[in-house]
Each structure stands twice: as C-alpha cells, then as structure tokens.
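Sequential numbering from 1 applies to the sequence shown in the UniProt record's numbering. Structure first, commentary second.
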Amino acid sequence: MNNTSRNADLHLHTTASDGGYSPKELVLKCKEVGLQYIAITDHDTVAGVKEATSEAKKHQITVIPGIEFSTKESGVGVHILGYGIDIDDKPLLEMLKEQQIMREKRMQEMVSKFSELNIQLNEQEILKEAEGGSIGRPHVAKVLVRMGVVKDVAEAFDLYLGEGKPCYVKKQREMTPREALNWIKATKGVAILAHPVYYNLDEKISEWVETGLLHGVEVYHRDHDLEVQRHYEKLTTKIETKLDLSLLRTGGSDFHHEDYGRVPQPLGETRVDNQLALRLIDRINSL
C-alpha cells in the first residue's frame, strides 16, 4: 500500500447520526473512490463504528473509531472530534444514552412548534429518518423536504430550524468543550478541534493544548480554503514552538450525503495524505 498517497478521510458521518448512508454502505462508497484510511465520526454517538469496522476489514480499509461531540463555548457551537476512544466505555455510553433521550424530547418540542404553524409532523417519520441513530434537526428537515414544505434541508434551517427561527429549540443542557475534551481523555482518545473556521477561538486552541487535553486541529476541511489552511498551519506551528510539543493536523470531508449542505460534494473530493492518518493512529497507540 502506498502510504504517501492522498487516500484518507478522517471526518465521515453515517445514519448512526445524521449521515445519509449506513456504516456498511458508507464503507462501500469509500472503497469505490479509493479511500484507504477513514474515520467514523458521528455526532454524539459511536453506534456506527463496529459495523463500519467489520465491513472495512473485507476491503483492506482501515477504520479509526471516532465521535464528534457537540458543545457550546460562550454561546458558540463548537465541535470536538475524539479519535481512538474506547467505544465500549460504560460511563461514555451511559452519558450518550442520556443525550439521546434529551434529543428525543427536543424533537418532540420542535414537532409542537411546527403544529402551532399548522405544519403537522409525524414523530415516527422523524425517528424513521434517524434509523435508530442520534436524532437531530437534519432529520426533521428531511421530513419537511419529503412533505414538500421546503425544497431542501438548507431552506428548512433558513425558515424554521436555524437558531432564532420559529421552530428552533435550544438543547436542555449544552456540553462545554472542556467537558468533551475530558471525556475523550477518560476514554483514551485523541482530541481534535473540528473545522475551526466556523469559530473564532485561536486563543482557546492554545489554552486547550496547554492543558494537555487538545492534541491538534482539523486544518484540512472541505470548508477551509487555502488561506484558512495556511492560517491554521501557522497557528499550530506557533503553538508547537511556544509549548515545545508536536500537534496533529487532520482533515476530512465531513461527508454526510451528496445532497447535504449548501454546496454538495461527492465523497472523495476532499481527502488528505495517508501520512496524516498514520500519525493520528500512532498518537492513539501511544496513549
């Protein structure tokens, strides 16, 4: 296997959260486009990792187990990626189960808000859309699209589900980035700040690294243009020099489905060098 090639994608979603393909289907799509190293990083769940790993073994694809924690810092949504975590850790699974229950309650509140607008949503249809995975607003949005209420998921968020819109429901309790980082540490994982272009947290990045809780940054993401990539390459290098340590730089497509988001991307368009995956695996194994 040529480990100098760009055949890695370290940020992928399945139907275990809000992706469009089952873990098995996603692995098969990864094989079709020639990916060799992938990470399953569903939102607030590890339910898809085992199925993906089992299927990947048949195709000589390496799966890195992962999760993407949804957190809030000073009112800003911040996502933290945890790689190589113990997906059988009982305290972690109990915490994630509690979060799932809160998500279901939140979904019910959204349904009520839509009802007030004379838009009658069926809870079972939303649950069916989630396919037993972690329920989120994208599942509600997809049902709205099927009903013909909106033309696509983006419009559902613009009109109804985005923060401040009429059917938005705040989560009962928001996990903080520090809490997510501690969960990743407790489950022997590697913590990476996901798509930092979405936030303005350069000082926090340095602070979290200094505590020993954050191991790196997702420098290469589908929404990071060359200027943004260079910014985070320079920032991580500056932190390395200041603290005399080595940071990981990861990347991936954040793939959900070909039709997901405002600018749909086919799987395989955003990929990173295999060496980034190998460095990540080495760091996981060193913990």
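The beta-carbon is built from N, C-alpha and C at its ideal position, and this holds for glycine as well. Please read these numbers as outputs of a predicted model, since none were measured by experiment.
- Item | Nearest-angstrom Cβ-Cβ length linking residue 279 and residue 248, presumed shorter than 8 Å | Sure, about 6 Å apart at Cβ, within 8 Å.
- Where does residue 271 sit, in a helix, a strand or coil, going by DSSP? Residue 271: coil per DSSP, three-state reduction.
- Could you tell me which residues DSSP pairs with residue 249 in its beta bridges? Answer is 217.
- Task: Name the one or two DSSP bridge partners that residue 76 has.
- Result: Residue 76 pairs with 73.
- If you drop the 5 nearest sequence neighbours on each side, which residues of the same chain put their C-beta closer than 8 Å to that of residue 152? Within the same chain, 145, 259 come within 8 Å of residue 152 by CB-CB distance, once the 5 residues on both sides are set aside.
- Same chain only: Cβ atoms within 8 Å of residue 273, ignoring 5 sequence neighbours per side: Its chain contains 4, 5, 6, 8 as the residues whose beta carbon lies nearer than 8 Å to that of residue 273, once the 5 sequence neighbours on both sides are disregarded; these appear in chain order.
- May I have the straight-line CA-CA distance separating residue 362 from residue 95, to the nearest angstrom? Only positions 1 to 287 of the chain appear in this structure, which leaves residue 362 out of reach.
- Under 8 Å by Cβ, that's how I've got residue 71 and residue 176 pegged, so tell me the actual separation to the nearest angstrom. So it is a contact: roughly 6 Å between Cβ atoms.
- Task: Identify every residue that forms a DSSP beta bridge with residue 227.
- Result: Assignment of beta-bridge partners to residue 227 by DSSP yields no partner.
- Message: Tell me the DSSP secondary structure of residue 194 in three-state form.
- Response: DSSP, read as helix, strand or coil, puts residue 194 in coil.
- Task: Run the CB neighbour count on residue 91, radius 10 Å, all protein chains shown included, and call it buried at 16 or more, exposed below.
- Result: It counts as exposed.
- Message: Can you tell me whether residue 117 is buried or exposed? The criterion is at least 16 other CB atoms within 10 Å of its CB, across all chains shown.
- Response: Residue burial annotation: residue 117 is exposed, with fewer than 16 other C-beta atoms found within 10 angstroms of its C-beta.
- Task: Please confirm whether residue 111 and residue 129 have their CB atoms less than 7 Å apart.
- Result: When the beta-carbon positions are compared, residue 111 and residue 129 stay at least 7 Å from each other.
- How should residue 173 be labelled, buried or exposed, when 16 other C-beta atoms within 10 angstroms of its C-beta is the threshold for buried? Exposed, since its Cβ has fewer than 16 Cβ neighbours within 10 Å.
- Task: Report the rounded CA-to-CA distance for residue 47 versus residue 25, giving the unit in angstroms.
- Result: Linking residue 47 to residue 25 through their CA atoms gives a straight-line distance of about 15 Å.
- Might you give, ordered along the chain, the residues of its own chain that have their beta carbon closer than 7 Å to the beta carbon of residue 1, omitting 5 neighbours on each side? A caution first: residue 1 carries a pLDDT of 42, below 50, which makes its placement in the model unreliable, though a value can still be read off. Hits under 7 Å: 36.
- Contact between the segment 151-169 and the segment 97-104: three or more CB pairs below 8 Å? Judged by pairs of C-beta atoms under 8 Å, the segment 151-169 does not touch the segment 97-104, as fewer than three such pairs exist.
- Tell me which same chain residues have a C-beta within less than 6 Å of the C-beta of residue 257, skipping the five on either side of it? Here the set comprises 20.
- Item | Per DSSP, cross-strand counterpart(s) of residue 255 | According to the DSSP secondary-structure assignment, residue 255 is paired through a beta bridge with 12.
- Item | Cutoff 7 Å: residue 188 Cβ touching any chain C Cβ | Although the question refers to chain C, the structure presented lacks it and comprises just one protein chain.
- Message: Could you pull the DSSP bridge partners for residue 83 from this structure?
- Response: According to DSSP, residue 83 bridges with 66, 190.
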